[in-house]
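Notes to accompany the following structure.
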Amino acid sequence: MTKFKLIALLMLFALGFSACDNDDDDGMQVESLYSKLGGTTMVEDPTDPGNMIEQGRLGLRSVVDSTIFVIAADPDLSPFFAPLLMELGNGNTNNLAVLSKNLTDFFCVATGAENFAYNGLNMRDAHDPAQNPRMAMKSSDQDFDNFVGAVVTGATQNNVPTELIQEVGELLETLRSDVVQQ
Amino acid sequence: MTVTNNETNNDILMINRKLVQIVSYSLALGLVIFLSFSFYIHQKMTAGLPPGPPMQLSRIDFSESVDSLTAARIKSKVQQMESVKHAYFNIPDGILVFNHDPKVLDADAVVTDVRQHFRANAKRHVVDAEMAGRGCPVTGNNSIFMKVGDAMARIF
Numbered sequence: 008m009t010k011f012k013l014i015a016l017l018m019l020f021a022l023g024f025s026a027c028d029n030d031d032d033d034g035m036q037v038e039s040l041y042s043k044l045g046g047t048t049m050v051e052d053p054t055d056p057g058n059m060i061e062q063g064r065l066g067l068r069s070v071v072d073s074t075i076f077v078i079a080a081d082p083d084l085s086p087f088f089a090p091l092l093m094e095l096g097n098g099n100t101n102n103l104a105v106l107s108k109n110l111t112d113f114f115c116v117a118t119g120a121e122n123f124a125y126n127g128l129n130m131r132d133a134h135d136p137a138q139n140p141r142m143a144m145k146s147s148d149q150d151f152d153n154f155v156g157a158v159v160t161g162a163t164q165n166n167v168p169t170e171l172i173q174e175v176g177e178l179l180e181t182l183r184s185d186v187v188q189q
Numbered sequence: 185m186t187v188t189n190n191e192t193n194n195d196i197l198m199i200n201r202k203l204v205q206i207v208s209y210s211l212a213l214g215l216v217i218f219l220s221f222s223f224y225i226h227q228k229m230t231a232g233l234p235p236g237p238p239m240q241l242s243r244i245d246f247s248e249s250v251d252s253l254t255a256a257r258i259k260s261k262v263q264q265m266e267s268v269k270h271a272y273f274n275i276p277d278g279i280l281v282f283n284h285d286p287k288v289l290d291a292d293a294v295v296t297d298v299r300q301h302f303r304a305n306a307k308r309h310v311v312d313a314e315m316a317g318r319g320c321p322v323t324g325n326n327s328i329f330m331k332v333g334d335a336m337a338r339i340f
């Protein structure tokens, strides 16, 4: 009888333990910001008729493209992105498109996209003039605040819900220590 | 003695010819490697870029303050111009930014049009070489490889 009770107790314990495990797994599955922005659902790309794009990427690309305009019109931020406003020709053929793609790739990966890769420099090296000759000056806290403000403006222009904009802001905040180097 | 001299001269000529051949082949091989590498870099850099002509971003600075209504009218007019896809007006700083296909629409013509139509004191923001070399950590596609790759992409 005692042996039977012991086995039953062990089975109950094991059952309870595995049940707890399952509960934990379900609780750990937090939806990524990329999923909240539309995730991998395929939609038609408005800039490339006939081709499909992940809705999450489309949303982020729209925010990035709007943000680029805000940056270019900001007298404090635009010096960091001067080549954007250069005349086309003389080797400058697609700075705008390259910046849009690279920033979109970065945001996709940072928000949890699985089908894209960011192949650029890490944030610390990208913003260190000693590592990246394209970065002629170190950025300050104020510059970073201006950049976050530009992203928020870009997201607002694209009707991104406030709670998601806040999540984007929190995500950007994690990069501050790497980007701000003065 | 003469035969030996002739033989030596022939040997030198042969060696010279061989040397020229080796240098020529090396140069040709170097050129092929350089062009292939440029093409590869260009393909890597431009993969995933949107289709269509390269768009230029241009900026107009207004020296006097512009009220929100006028700013909206200016923005709307510029947005209606051919090839302009998007425009943004930073009203507090009096700066308008728009993108356009430079082969279709000249940025200076836009400035002239805005000046005449709205009697605004506006001028085009031009980036000089010094400013251009100062920033943009994410682009950086003006390397020799990108330039050569771009030229090759246009040819092929």
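Going down the list, the protein sequences come from chains D and A. Note that the working numbering gives residue 34 to position 27 of the first sequence, counting from 1, and the numbers run on in steps of one. Note that the working numbering gives residue 324 to position 140 of the second sequence, counting from 1, and the numbers run on in steps of one. From the three backbone atoms N, C-alpha and C, an ideal C-beta is built for every residue, glycine too.
Residue closest to residue i, alpha-carbon to alpha-carbon, out of the options
i: residue 275 of chain A; options: A:257, A:290, A:222; result: A:257
i: residue 186 of chain D; options: D:174, D:139, D:170; result: D:139
i: residue 191 of chain D; options: A:193, A:209, A:271; result: Outside the displayed range of chain D (8 to 189) lies residue 191 of chain D, so it cannot be described from this structure.
i: residue 176 of chain D; options: D:125, D:153, D:188; result: D:153
i: residue 155 of chain D; options: D:83, D:189, D:54, D:43; result: D:83
i: residue 269 of chain A; options: D:85, D:72, D:91, D:89; result: D:72
i: residue 267 of chain A; options: A:249, A:289, A:218; result: A:289
i: residue 79 of chain D; options: A:260, A:242, A:207; result: A:242
i: residue 148 of chain D; options: D:169, D:179, D:168; result: D:179
i: residue 38 of chain D; options: D:88, D:181, D:85, D:120; result: D:120
Chain D contact residues for residue i, given Cβ-Cβ distances below 9 Å
i: residue 262 of chain A; result: None at all; the shortest Cβ gap to chain D is about 12 Å.
Chain-order list of residues whose beta-carbon lies under 6 Å from that of residue i (same chain, five-residue window excluded)
i: residue 47 of chain D; result: 61
i: residue 197 of chain A; result: none
i: residue 56 of chain D; result: none
i: residue 77 of chain D; result: 157, 160, 161
i: residue 174 of chain D; result: 40
i: residue 32 of chain D; result: Residue placement at residue 32 of chain D cannot be trusted, given a pLDDT of 47 that sits under 50; what the coordinates show is reported in the next sentence. Contacts found: none.
i: residue 151 of chain D; result: 183, 186, 187
i: residue 299 of chain A; result: 306
Within chain D, the residues that residue i reaches when beta carbons sit closer than 8 Å
i: residue 242 of chain A; result: 92
i: residue 277 of chain A; result: 80, 81, 82
Chain A residues whose Cβ lies nearer than 8 Å to that of residue i
i: residue 77 of chain D; result: 272, 274
Span of the beta strand (DSSP E), counted from its first residue to its last, around residue i
i: residue 271 of chain A; result: 271-274
i: residue 240 of chain A; result: 240-246
i: residue 306 of chain A; result: 306-308
i: residue 58 of chain D; result: First-last for residue 58 of chain D: undefined, no H or E at that position.
i: residue 282 of chain A; result: 279-284
i: residue 50 of chain D; result: 49-51
Partners in chain D for residue i, counting only beta-carbon separations shorter than 7 Å
i: residue 281 of chain A; result: 76, 79, 80
Own chain, CB closer than 8 Å to residue i, minus 5 neighbours either side, in chain order
i: residue 246 of chain A; result: 278, 279, 280, 304, 305, 306
i: residue 292 of chain A; result: 308
i: residue 171 of chain D; result: 40, 43, 44, 162
i: residue 113 of chain D; result: 125, 127
i: residue 249 of chain A; result: 278
i: residue 109 of chain D; result: 125, 127
i: residue 190 of chain A; result: none
i: residue 132 of chain D; result: 138, 139
Whether residue i touches residue j by CB criterion (7 Å)
i: residue 142 of chain D; j: residue 136 of chain D; result: yes
i: residue 265 of chain A; j: residue 103 of chain D; result: no
i: residue 158 of chain D; j: residue 74 of chain D; result: yes
i: residue 111 of chain D; j: residue 68 of chain D; result: yes
i: residue 166 of chain D; j: residue 70 of chain D; result: no
i: residue 311 of chain A; j: residue 106 of chain D; result: no
i: residue 285 of chain A; j: residue 237 of chain A; result: yes
i: residue 282 of chain A; j: residue 295 of chain A; result: no
i: residue 259 of chain A; j: residue 273 of chain A; result: yes
Cut-off 7 Å between Cβ atoms - residues of its own chain near residue i, not counting five sequence neighbours on either side
i: residue 50 of chain D; result: 59, 60, 62, 65
i: residue 188 of chain D; result: 134, 135, 145, 146
i: residue 19 of chain D; result: At residue 19 of chain D, the pLDDT of 47 sits below 50, so the modelled position is not reliable and the matter cannot be decided from this model.
i: residue 36 of chain D; result: none
i: residue 254 of chain A; result: 302
i: residue 252 of chain A; result: 275
i: residue 21 of chain D; result: For residue 21 of chain D, the predicted structure reports a pLDDT of 46, less than 50, and the residue's modelled location is therefore unreliable. The matter cannot be settled from this model.
N- and C-terminal bounds of the alpha helix (DSSP H) containing residue i
i: residue 116 of chain D; result: 102-118
i: residue 130 of chain D; result: 130-133
i: residue 170 of chain D; result: 169-180
i: residue 155 of chain D; result: 148-164
i: residue 295 of chain A; result: 291-302
i: residue 255 of chain A; result: 252-263
i: residue 185 of chain D; result: 183-186
i: residue 41 of chain D; result: 40-43
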